[in-house]
Amino acid sequence: MPISKRFFSYLLLYTIFISVFITFFSQTARPKIYSVHIPDTSSWQTHTSPSFEFKYPPDWTIESSGNDRWKLLVKNAGRSQVALIDTSTFFTEINSLPCNPSNCRIETVNPPSIGRVDIKWYASQGQAIIDISGAYGIVFNFTATSPQDKERLKQLLSTFRFIYPSISSAPIPSSPVCSLSQPAPAPPGWKKFTDAKQGYEFSYPAAYAFRNDSFTAVSKHTSQGLITLYMSPDSQGSPCANAACNQQRDISLTLCDKNYTTSQIWPYHDGLYTFKISLASPHEYSLDVGASYPNESDLAELNSILKTIRFIPENTSTQTATPTEPCKISGCSSELCIDASSPDIGSVCIYRNEYSCYRFSACEKQSNGQCDWTQTPQYLSCLSNLPK
């Protein structure tokens, strides 16, 4: 009995449906997670940074990645790179491949004081992320191909630990409102920022640039990094979310004649200090000051800014007053100069050495009508003197 063409049509459609279903399931199904047994590493070497440490095989090496002080290269006995450890990663910029049973295997290790860390293994690469603040983290990108190197990398990750005590239970230090109601007069030439909606204002030096993208702040590039000051209307919770946050006592700021030491440091790169101070009137605020490698002059300038903070009557309007400059700073590291009316632009949150030269420049309109950094002789000289 001949088979009808309609039967073949149904059979073809059925086959296509099953193929699509299997493909979809394999791409969306969650892969199994395998716990890893870690052999003894007592004879291994120890790599120590100011904020963390981990062990690595005695015949391996740890090196800095060129001029980037926040990246570490891990090389095996044959001097081949098997891992790149990035200690300054902004989570929104992480490029992670999809992980499904068809292309990825997840293994978990348990470093001291951190808890579970998952390693996503693909054909010739792997990735593991240690969350620090909910926004930043330390990323391990593995490029090992041999089974022995993969096993050793799992051992390395299992020994990672932060070496400063946690302050996760410490409250945000509160401030009286003395100078916040009677601020010090701003020096000549300073600009003023007013947030009419939230009800506060402060003055800042002309060298600082106003930015209003993911948060409203003023920031300044220095020879070592970036200094940022901003206030947020929510100061609930502790200044530190987990055991990755650490306390340091060697620098401080002063507000209302009260001394504040750093209450939080995110150790994704050494030298970044984050102050958190609770301001209680008329709202609850969190005053955040971030400074990369600040010197005495930087701290003195920050203290001068703090003295100008003033609470003002709340304006029910949703409009926030901002400086009237035609250009504004954008980008994660305040490295972009764009038109003030333009939407803000996201960028890779990795600090580059050339950003330090922007302190000799200005974000302003150029002769072509576009916003850009003005290339002064000091700016060009700074660029030419950067390490190659």
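Those letters in the sequence shown? Residues 9 to 396, per our numbering, in order.
Virtual Cβ for every residue (Gly too), placed ideally from N, Cα, C.
Host alpha helix (DSSP H) of residue i (start-end)
i: residue 309; result: 304-314
i: residue 208; result: Where residue 208 is concerned, there is no enclosing alpha helix (DSSP H), although the beta strand (DSSP E) it sits in stretches over 208-212.
i: residue 113; result: Unbroken run through residue 113 is the beta strand (DSSP E), 113-117; no alpha helix (DSSP H).
Through-space distance from residue j to residue i, alpha-carbon basis
i: residue 305; j: residue 64; result: 40 angstroms
i: residue 350; j: residue 336; result: 9 angstroms
i: residue 229; j: residue 302; result: 11 angstroms
i: residue 95; j: residue 362; result: 19 angstroms
i: residue 319; j: residue 211; result: 12 angstroms
i: residue 464; j: residue 367; result: Any question about residue 464 goes unanswered here, given that the chain covers just 9 to 396.
i: residue 239; j: residue 373; result: 28 angstroms
i: residue 365; j: residue 68; result: 36 angstroms
i: residue 334; j: residue 209; result: 21 angstroms
i: residue 139; j: residue 82; result: 20 angstroms
Residue i: first and last residue of the uninterrupted beta strand (DSSP E) it sits in
i: residue 345; result: 344-347
i: residue 166; result: Unbroken run through residue 166 is the alpha helix (DSSP H), 155-166; no beta strand (DSSP E).
i: residue 134; result: 134-139
i: residue 201; result: 199-203
i: residue 127; result: 125-129
i: residue 56; result: 53-56
i: residue 69; result: 69-73
i: residue 338; result: 335-338
Secondary structure of residue i, DSSP reduced to three states
i: residue 390; result: helix
i: residue 379; result: strand
i: residue 384; result: coil
i: residue 149; result: strand
i: residue 360; result: coil
i: residue 87; result: coil
i: residue 366; result: helix
i: residue 93; result: strand
Neighbour-count burial assignment, residue i, 16 or more Cβ in a 10 Å radius
i: residue 376; result: exposed
i: residue 378; result: exposed
i: residue 397; result: Residue coverage of the chain in this structure runs from 9 to 396, which leaves residue 397 outside it and unanswerable.
i: residue 197; result: exposed
i: residue 128; result: buried
i: residue 126; result: exposed
i: residue 179; result: Because the pLDDT of residue 179 is 49, which lies under 50, any placement of that residue in the model is unreliable, and the number read from its coordinates should be weighed accordingly. So residue 179 ends up on the exposed side.
i: residue 152; result: buried
CB contact check: residue i to chain D, cutoff 8 angstroms
i: residue 138; result: Note that chain D does not occur in the displayed structure, where there is just one protein chain.
Quick check: the segment 145-165 against the segment 117-127, are at least 3 beta-carbon pairs closer than 8 angstroms? Touching, yes, given that three or more Cβ pairs across the two stretches are closer than 8 angstroms.
Quick check: the segment 78-96 against the segment 193-212, are there 3 or more CB pairs under 8 angstroms? Contact between the segment 78-96 and the segment 193-212 is absent, because fewer than three Cβ pairs lie under 8 angstroms.
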